[in-house]
Every structure is written in structure tokens, then in C-alpha cells.
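Colleague:
In our numbering, the protein residues as written are 32 to 238.
The following block contains the structure:
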């Protein structure tokens with residue numbers, strides 16, 4: 032359990048107990064950016080949709096179990112950095128208003144697509160001299176660990192994800208992952224980081 036609640040998206044997504052998640056990702060389809068996130072009982076927790084295919088700026092939209100848009104993930108042009116904004120882009124009238132909804136950003140630690148570490152900075156961390164969170168690729172490429180802090184000795188492991196080979200669904204073109212989140216941590220935030228880990232990792236594979 033985290034000593035203090037880790038709240039990024041909202042306190043309603045912070046649970047007093049640990050949570051196991053099953054994450055299903057479509058691939059080799061027009062909707063390859065889609066994920067479904069369920070709890071251990073098979074209940075939908077979040078869904079993730081790809082943005083418009085004709086957009087020059089890749090997007091992912093995260094909805095809660097009721098279908099409400101809670102996050103918009105958008106990649107900055109000509110970089111590997113992604114930014115997370117509260118709610119929907121359609122709810123604001125200008126880019127300046129959207130910037131006011133920025134919650135956090137994620138980038139490759141080395142500045143290149145090939146890095147196996149992602150640095151996460153909260154919107155309040157303007158200088159970015161210190162990492163707020165770090166995502167580390169696991170020993171097996173399709174897994175990752177998420178830390179509060181820079182991932183070194185004084186950091187706290189708050190979530191882990193790995194591919195669940197036992198239920199991989201090849202016929203339906205789906206990958207299945209298992210994730211665990213410790214108590215007192217924003218599950219919506221962790222879901223967004225896992226989605227971005229996949230997006231940046233797949234960009235690296237294709238570059």
C-alpha cells in the first residue's frame with residue numbers, strides 16, 4: 032500500500048485495496064488502439080478507443096465503466112512524448128483551454144524511441160528536473176513495472192503488468208495482459224500508463 036494516496040486522474044479511482052486487472056488489446060485491425068480493462072470478476076473498469084484514423088496526431092480516449100470520457104491521450108507532433116488531458120478534447124473551444132486540462136506527460140527516458148524506460152511528469156512539474164514516476168520495461172519485452180519516483184532504490188513499486196500467455200487469443204487477434212495495482216493508487220492513471228507503454232513500445236518496434 033502507498034503511504035499516501037497517489038491521485039492523478041481523480042480520487043474516485045483510488046481504492047483502499049489492491050486490484051488485479053485483465054487487459055485485452057486488439058491488434059491487426061483498424062481499431063488496433065482499442066483496449067478493454069476488466070477486474071478479476073470480469074467487470075468492465077475502463078475502455079480505450081483509438082482516435083480518428085485520419086488524424087495527424089495519434090490519440091487514445093479512455094472511458095470509465097459508465098462510458099464517460101475521463102482522459103484523452105495525445106502524442107505531440109514529431110516526438111515520442113504523449114500528453115494526458117482530463118476529459119474530452121471536444122469539451123473545450125481552444126488549444127489554450129485544453130492545455131489547462133493537462134494532467135501529465137510521458138516520454139522516453141533517453142529521448143529516443145528505443146528506450147526501455149519511460150519518464151512520467153505531472154503537469155505541476157514544469158521544470159521536469161525530477162521524475163514523478165517511471166515505467167520500466169520488464170525482462171520480457173511485453174511487461175513493465177511502474178514506480179513512484181525515478182525507479183531507483185528509494186522508489187515505490189505501485190503496479191506491474193505482464194502478458195498472460197495462457198489466455199492469449201490468436202484467433203480473435205487479441206493480446207491479453209494481467210496487471211496488479213497496489214492499494215491507494217489511482218487505477219485510471221495506471222491504466223493510462225500501461226496504454227502509453229504499449230503505444231511507445233510499438234512505435235519503437237516499427238521505427
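We put the beta carbon where it would ideally sit given N, CA and C, even for glycine.
At the level of alpha carbons, what is the spacing between residue 54 and residue 67?
Modeller: 6 Å
Colleague: Quick check on the DSSP output: the beta strand (DSSP E) that includes residue 153 runs from which residue to which?
Modeller: 148 to 153
Colleague: So, are the CB atoms of residue 89 and residue 98 less than 8 Å apart?
Modeller: no
Colleague: Under 8 Å, with one C-beta from each stretch per pair, do the region 158 to 167 and the region 124 to 132 reach the 3-pair mark?
Modeller: no
Colleague: Thinking just about the alpha-carbon of each residue, which of 126, 102 and 111 is nearest to the one in residue 118?
Modeller: 102
Colleague: Exposed or buried, residue 109, counting other C-beta atoms within 10 Å across all chains shown (16 or more means buried)?
Modeller: Flag for residue 109 reads exposed.
Colleague: Looking at residue 139 and residue 312, is the spacing between their C-beta atoms short of 8 Å?
Modeller: Outside the shown range of the chain (32 to 238) lies residue 312, about which nothing can therefore be said.
Colleague: Would you mind working out which of 169, 184 and 165 sits nearest residue 178, comparing C-alpha positions?
Modeller: 165
Colleague: What are the boundary residues of the beta strand (DSSP E) that residue 194 is part of?
Modeller: 187 to 194
Colleague: Residue 129 lies in the alpha helix (DSSP H); which residues open and close that run?
Modeller: 126 to 130
Colleague: Around the Cβ of residue 59, are there at least 16 other Cβ atoms within 10 angstroms (buried) or fewer (exposed)?
Modeller: Here the model assigns residue 59 a pLDDT of 48, short of 50, so the residue's position is not dependable, and the following value carries that caveat. The residue is exposed, with fewer than 16 neighbouring Cβ atoms inside 10 Å.
Colleague: Hey, out of 93, 96 and 137, whose CA is closest to residue 113's CA?
Modeller: 137
Colleague: Is the beta carbon of residue 49 less than 8 Å from the beta carbon of residue 212?
Modeller: yes
Colleague: Is it true that the CB of residue 52 sits closer than 8 Å to the CB of residue 223?
Modeller: Contact check for residue 223 against residue 52 fails: the beta carbons are separated by 8 Å or more.
Colleague: Give the straight-line distance between the Cα atoms of residue 214 and residue 45, rounded to the nearest whole angstrom.
Modeller: Going by the C-alpha atoms only, they are around 8 Å apart.
Colleague: Which stretch, first to last residue, makes up the beta strand (DSSP E) that contains residue 70?
Modeller: 66 to 70
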